[in-house]
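For what it's worth, the numbering used here labels the leading residue of the sequence shown as 28, then goes sequentially. No residue lacks a Cβ here, since even glycine has one placed at the ideal position from N, Cα and C. As the structure is a computational prediction, the values presented were derived from the model and not from experiment. Presented below is the structure to which this report refers.
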Amino acid sequence: MKKLLLAPVIASLIFSTWGCGIGLNRIEKDTYTISHRDTTTEYHVQNAPGNRDNGVIFPSSRTFKSERYLLQQDSVVEREYPDFIRMGAFESVGFLLGGDKDYALGSGLFGIFHDFDKDYTNYRGDPDKVFVGGLYRIGIGEWRLRWFRDAKNWTIGSSAFEAIVPDARLEKTLLSIAPIYVRKRWFLSEDIPYLCLTGAVGIGYYPSQYINTSLSLDLGSLSGLNFRAYAGFAAGQHSASAPQVKESNFSNEAQKTYIPYAGIGVSLLDFFNLVEETETEWKDYKHSGWDIGLMQIGFLSTGSDYSSFAEDNEEGMLNGLMLRFLNASTAIPVLNNQFYAGTSLFSMIALGKYEWGVGVLPIRVGYWQTILADELTTEPFMEFNYYPSSFVNIGNRVNLRISEQINVSFIIGYASGSTSEVLGNNLVDNFGAPGDFSGTYIGLTIGFMDKIFFPEEIRYNK
Numbered sequence: 028m029k030k031l032l033l034a035p036v037i038a039s040l041i042f043s044t045w046g047c048g049i050g051l052n053r054i055e056k057d058t059y060t061i062s063h064r065d066t067t068t069e070y071h072v073q074n075a076p077g078n079r080d081n082g083v084i085f086p087s088s089r090t091f092k093s094e095r096y097l098l099q100q101d102s103v104v105e106r107e108y109p110d111f112i113r114m115g116a117f118e119s120v121g122f123l124l125g126g127d128k129d130y131a132l133g134s135g136l137f138g139i140f141h142d143f144d145k146d147y148t149n150y151r152g153d154p155d156k157v158f159v160g161g162l163y164r165i166g167i168g169e170w171r172l173r174w175f176r177d178a179k180n181w182t183i184g185s186s187a188f189e190a191i192v193p194d195a196r197l198e199k200t201l202l203s204i205a206p207i208y209v210r211k212r213w214f215l216s217e218d219i220p221y222l223c224l225t226g227a228v229g230i231g232y233y234p235s236q237y238i239n240t241s242l243s244l245d246l247g248s249l250s251g252l253n254f255r256a257y258a259g260f261a262a263g264q265h266s267a268s269a270p271q272v273k274e275s276n277f278s279n280e281a282q283k284t285y286i287p288y289a290g291i292g293v294s295l296l297d298f299f300n301l302v303e304e305t306e307t308e309w310k311d312y313k314h315s316g317w318d319i320g321l322m323q324i325g326f327l328s329t330g331s332d333y334s335s336f337a338e339d340n341e342e343g344m345l346n347g348l349m350l351r352f353l354n355a356s357t358a359i360p361v362l363n364n365q366f367y368a369g370t371s372l373f374s375m376i377a378l379g380k381y382e383w384g385v386g387v388l389p390i391r392v393g394y395w396q397t398i399l400a401d402e403l404t405t406e407p408f409m410e411f412n413y414y415p416s417s418f419v420n421i422g423n424r425v426n427l428r429i430s431e432q433i434n435v436s437f438i439i440g441y442a443s444g445s446t447s448e449v450l451g452n453n454l455v456d457n458f459g460a461p462g463d464f465s466g467t468y469i470g471l472t473i474g475f476m477d478k479i480f481f482p483e484e485i486r487y488n489k
């Protein structure tokens, strides 16, 4: 199972580099010839000393000289546009209807609220679980497909990795690297956040061979956050040499999978454009969030007796850790538009060994204040994590924008809560047995592929 999970990790790394440049921007150039024209006229009067009558008999002594000038130069104007319909990092769907109910996986809401203590290599499901299976995509891209005389809202796209998981039987899972999808959208609302119906047909070819058809109701995107309701049917097969069969402890034979499914999903760092928006320059683009990013990682000084990083319960100056993955902080259009609501796919704080908690889709609220334009901001916040750990994190961050993609933040705060024993052995081995914790912290965090926006860029301020 651990080897099988390497595929999404590798795909995520591919997206981190591939998704930043290829297919994101379209540059158009206009070349002009600028002409400067000028005429200079000079008058000269050459009179001899003394009086002179330049009347009827004598001609005037005044002369003039006229010269024309032409100066030409080339001018190139570049305009940058978004060149995609959809570009996303992660999508997951929890199946209420999926494979065999007797083998229900228990994937949880949106497919990401699992029982993290389960050994899924040997786990064969629980018929009492509500969510039977799930669908997962990493590194998603869609571009306009100009069918039917350039009809709008047709796209062709792919993802770096896709997994359709009918239930807890690992050998039944359909996997594909870079499946091909054609989608058609019918919009119910073209105001942000967009609401539309999306029909899709996709083909996966390796290591599983399958066809997946679906219809979804999509709401989003706000700072890369989207919600979807799915219904579909997938049918496919894979050989005995497929990795999901090799990793299974219950089968070594080729498999066929037929799965009608229905469920609800979420996607993060997932951005969508109308066709009209692909004709809008990036400098005029509409942004809804104060901060959108791939990852924030920080090291904390907490005063804990035992460091999270040292063995044998040693003390250390930096003895804590903070981590957020796939972050979104969306501006709330009230008062001065500086309040925000946000979340992350995964959030973790460790005050020290035995004092830590993790959360999936935590609820975060705060206030965004610019200190120095284009450089320095501050954000007092409160974050509530409810699963699998239950804790509150209250703090303040001062963010320094180093570049368009990298930020450094000074953070101070207080965290308090508890961690249950549903997290599995991997985290416990590294951070100690879970339990209650509380304490203050201070430290530095670094944001990678982390974009901070300023007031003039927020669409509510335009």
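Practice problem: Kindly confirm or deny that the region 352-364 and the region 320-332 touch, where touching means at least three C-beta pairs closer than 8 Å. | Solution: yes
Quiz item: Do the CB positions of A195 and G166 come within less than 8 Å of each other?
Solution: no
Quiz item: Run through DSSP, which three-state label would G48 get?
Solution: Its pLDDT being 43, under 50, G48 is placed unreliably in this model, and the coordinates cannot settle the point.
Quiz item: Ordered along the chain, which non-local residues of its own chain (more than five positions away) have a Cβ less than 8 Å from that of G393?
Solution: S356, F366, Y367, G369, E406, P407, F408 and M409
Practice problem: May I ask which residues mark the beginning and end of the beta strand (DSSP E) holding P270? | Solution: Looking at the DSSP string, P270 is not in any beta strand (DSSP E); the run it does join, the alpha helix (DSSP H), is P270 to K273.
Quiz item: DSSP state of L388, grouped into three classes?
Solution: coil
Quiz item: Exposed or buried, E189, counting other C-beta atoms within 10 Å across all chains shown (16 or more means buried)?
Solution: buried
Practice problem: Can you have a look at S445 and say buried or exposed, based on whether 16 or more other CB atoms are within 10 angstroms of its CB? | Solution: exposed
Exercise. Consult DSSP for N457 and reduce its assignment to one of helix, strand or coil.
Key: helix
Quiz prompt | Short Cβ contact (8 Å threshold) for G160 with S250 | solution = no
Quiz item: Does DSSP put G152 in a helix, in a strand, or in coil?
Solution: coil
Exercise. Please determine if the region 203-215 and the region 144-155 are in contact, where contact requires at least 3 C-beta pairs separated by less than 8 Å.
Key: no
Exercise. Grab me the residues of T90's own chain with a C-beta within less than 7 Å of its C-beta, minus the 5 sequence neighbours each way, in chain order.
Key: H71
Quiz item: How long is the line joining the alpha carbons of I485 and M344, rounded to whole angstroms?
Solution: 39 Å
Quiz item: Between Y150 and the rest of its own chain, which residues show a CB-CB distance below 6 Å, the 5 nearest in sequence each way excluded?
Solution: A195
Self-check item: Neighbourhood of A258 by C-beta, 6 Å cutoff - its chain only, sequence neighbours within 5 removed
Solution: L242 and A289
Practice problem: In the DSSP assignment, find the unbroken beta strand (DSSP E) run with G231 in it and report its ends. | Solution: Y221 to G231
Self-check item: With 16 other Cβ atoms within 10 Å as the buried cut-off, status of G279
Solution: Strictly speaking, residue 279 in this sequence is Asn, with Gly absent from that position. Result: exposed.
Quiz item: Pick from G459, E303 and Y237: whose alpha carbon is nearest that of Y108?
Solution: E303
Quiz prompt | I49 versus R210 - alpha carbon distance | solution = Reliability fails at I49, whose pLDDT of 49 lies under 50, so the model's placement of it is uncertain and no value is given.
Self-check item: T58 classed as buried or exposed, judged by whether at least 16 other C-beta atoms fall within 10 angstroms
Solution: exposed
Quiz item: Taking D477 as the reference, which of K489, S430 and F437 has the closest Cα?
Solution: S430
Exercise. Quick one: which unbroken alpha helix (DSSP H) runs of 4-plus residues sit fully inside the region 240-286? Chain order, please.
Key: 270-273
Practice problem: Determine the extent of the beta strand (DSSP E) in which M349 is found, giving its start and end residues. | Solution: G347 to A358
Self-check item: CA-to-CA distance, V425 to K380, given in whole angstroms
Solution: 26 Å
Quiz item: Under the DSSP definition of a beta bridge, which residues are partnered with A190?
Solution: Y163 and L202
Quiz item: With DSSP run on the structure shown, which of helix, strand or coil describes K478?
Solution: strand
Quiz prompt | For R95, three-class secondary structure by DSSP | solution = strand
Quiz item: How long is the line joining the alpha carbons of I421 and N276, rounded to whole angstroms?
Solution: 44 Å
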